[in-house]
Amino acid sequence: GESVGLHLPTLSVQEGDNSIINCAYSNSASDYFIWYKQESGKGPQFIIDIRSNMDKRQGQRVTVLLNKTVKHLSLQIAATQPGDSAVYFCAEYPNRDDKIIFGKGTRLHILP
Amino acid sequence: DTAVSQTPKYLVTQMGNDKSIKCEQNLGHDTMYWYKQDSKKFLKIMFSYNNKELIINETVPNRFSPKSPDKAHLNLHINSLELGDSAVYFCASSHPGQPYGYTFGSGTRLTVV
Numbered sequence: 028g029e030s031v032g033l034h035l036p037t038l039s040v041q042e043g044d045n046s047i048i049n050c051a052y053s054n055s056a057s058d059y060f061i062w063y064k065q066e067s068g069k070g071p072q073f074i075i076d077i078r079s080n081m082d083k084r085q086g087q088r089v090t091v092l093l094n095k096t097v098k099h100l101s102l103q104i105a106a107t108q109p110g111d112s113a114v115y116f117c118a119e120y121p122n123r124d125d126k127i128i129f130g131k132g133t134r135l136h137i138l139p
Numbered sequence: 106d107t108a109v110s111q112t113p114k115y116l117v118t119q120m121g122n123d124k125s126i127k128c129e130q131n132l133g134h135d136t137m138y139w140y141k142q143d144s145k146k147f148l149k150i151m152f153s154y155n156n157k158e159l160i161i162n163e164t165v166p167n168r169f170s171p172k173s174p175d176k177a178h179l180n181l182h183i184n185s186l187e188l189g190d191s192a193v194y195f196c197a198s199s200h201p202g203q204p205y206g207y208t209f210g211s212g213t214r215l216t217v218v
């Protein structure tokens, strides 16, 4: 079965607030963990990745945190904007078989 | 310019028919994939090709047959379509420098009636 899962299927956040999307994984051997964003009617889009030997990585308005002790991954979006409305997927890359395993997805709603 | 393009975007067909979905990427990537997304948004890999060679073939019915005429194209042919085949099918590609950073197409919504 799939080893990547999410705590919440839907998250509603006020515009301007920070969003935190959480993910649990079970495969400790994965080399990379990745976040993808899927807007309505489009394919998933790569946001940010983190290697398994890191615990934090920052991008533009996004930060990914990796806690290997509890096998937890999170995506933080600063100052959430309407354009952030989408389904967010965490994913893992086990560095074998050349395939990404996707989690179930969290829908992010931005409240005006 | 579209990086990964799929055609058609929508496909409605009757049970038992045979249909094809085409995918092309102009990124110069070596690896291409087909993923299936169900009604609950779950994404599951079906196939992966590297330089025209099949490298991943997940547990997919043999009614599904991928074909890669060159490394820029990966097509998906489906025989004897069933109701359960209704889903959104995504093509994606990646390059060796970032094998987990896929570029996805916009999807083909297949509806079998």
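So the sequence lines, in the order shown, correspond to chains A and B. So in the numbering used here, the last spot in the first sequence is 139, and the numbers never skip. So in the numbering used here, the last spot in the second sequence is 218, and the numbers never skip. Virtual Cβ for every residue (Gly too), placed ideally from N, Cα, C.
Between the CA atoms of residue j and residue i - distance to the nearest angstrom
i, j, result
"PHE152 (chain B)", "GLY110 (chain A)", "32 Å"
"PHE60 (chain A)", "SER211 (chain B)", "23 Å"
"GLU29 (chain A)", "PHE129 (chain A)", "Model confidence at GLU29 (chain A) stands at a pLDDT of 44, short of 50, so the residue's coordinates are unreliable; what they give is reported in the following sentence. Their backbone Cα atoms lie some 8 Å apart in a straight line."
"ASN131 (chain B)", "GLU158 (chain B)", "18 Å"
"ASN122 (chain B)", "ASN167 (chain B)", "15 Å"
"GLN203 (chain B)", "ASN162 (chain B)", "21 Å"
"HIS200 (chain B)", "THR164 (chain B)", "24 Å"
"SER39 (chain A)", "VAL97 (chain A)", "25 Å"
"THR216 (chain B)", "VAL91 (chain A)", "36 Å"
"SER79 (chain A)", "LEU93 (chain A)", "8 Å"
"ASN50 (chain A)", "ILE127 (chain A)", "A small correction: the amino acid at residue 50 (chain A) is Cys; Asn does not occupy that position in the sequence shown. The alpha-carbon atoms of CYS50 (chain A) and ILE127 (chain A) are separated by roughly 15 Å."
"ILE47 (chain A)", "LYS146 (chain B)", "20 Å"
"GLY70 (chain A)", "THR118 (chain B)", "22 Å"
"LEU33 (chain A)", "SER101 (chain A)", "Annotation note: pLDDT 49 at LEU33 (chain A) (below 50); position unreliable, coordinate value reported separately. Rounded to the nearest angstrom, the two C-alpha atoms are 10 Å apart."
"HIS134 (chain B)", "ALA197 (chain B)", "10 Å"
For residue i, the three-state DSSP class (helix, strand or coil)
i, result
"LEU188 (chain B)", "helix"
"ASP82 (chain A)", "coil"
"PRO71 (chain A)", "coil"
"LEU135 (chain A)", "strand"
"PRO166 (chain B)", "coil"
"PRO174 (chain B)", "strand"
"ILE77 (chain A)", "strand"
Proximal residues of chain D, C-beta to C-beta of residue i below 7 Å
i, result
"GLY212 (chain B)", "Judged by its chain identifiers, the structure shown contains no chain D, and its protein chains are A and B."
Element boundaries [beta strand (DSSP E), containing residue i]
i, result
"PRO113 (chain B)", "Segment: none, PRO113 (chain B) is in no beta strand (DSSP E) and carries neither H nor E."
"ASP38 (chain A)", "First, the amino acid is wrong: residue 38 (chain A) is Leu here, not Asp. Where LEU38 (chain A) is concerned, the enclosing beta strand (DSSP E) stretches over 37-41."
"GLU253 (chain B)", "Residue coverage of chain B in this structure runs from 106 to 218, which leaves residue 253 (chain B) outside it and unanswerable."
"TYR115 (chain A)", "113-120"
"ARG214 (chain B)", "213-217"
Closer than 7 Å: residue i CB and nearest the ligand COA heavy atom
i, result
"LYS69 (chain A)", "The model on display carries no ligand, and the ligand COA is accordingly not part of it."
Given 8 Å as the limit, is there contact between the stretch 118-130 of chain B and the stretch 96-110 of chain A, that is, 3 or more CB pairs closer than that? no
What are the residues in the stretch 73-92 of chain A lying within 7 Å of chain B by C-beta distance? PHE73, ASP76
Interface residues of the stretch 135-156 of chain B facing chain A [CB-CB below 9 Å]: THR136, TYR138, TYR140, GLN142, LYS145, LYS146, PHE147, LEU148, LYS149, ILE150, SER153, ASN155
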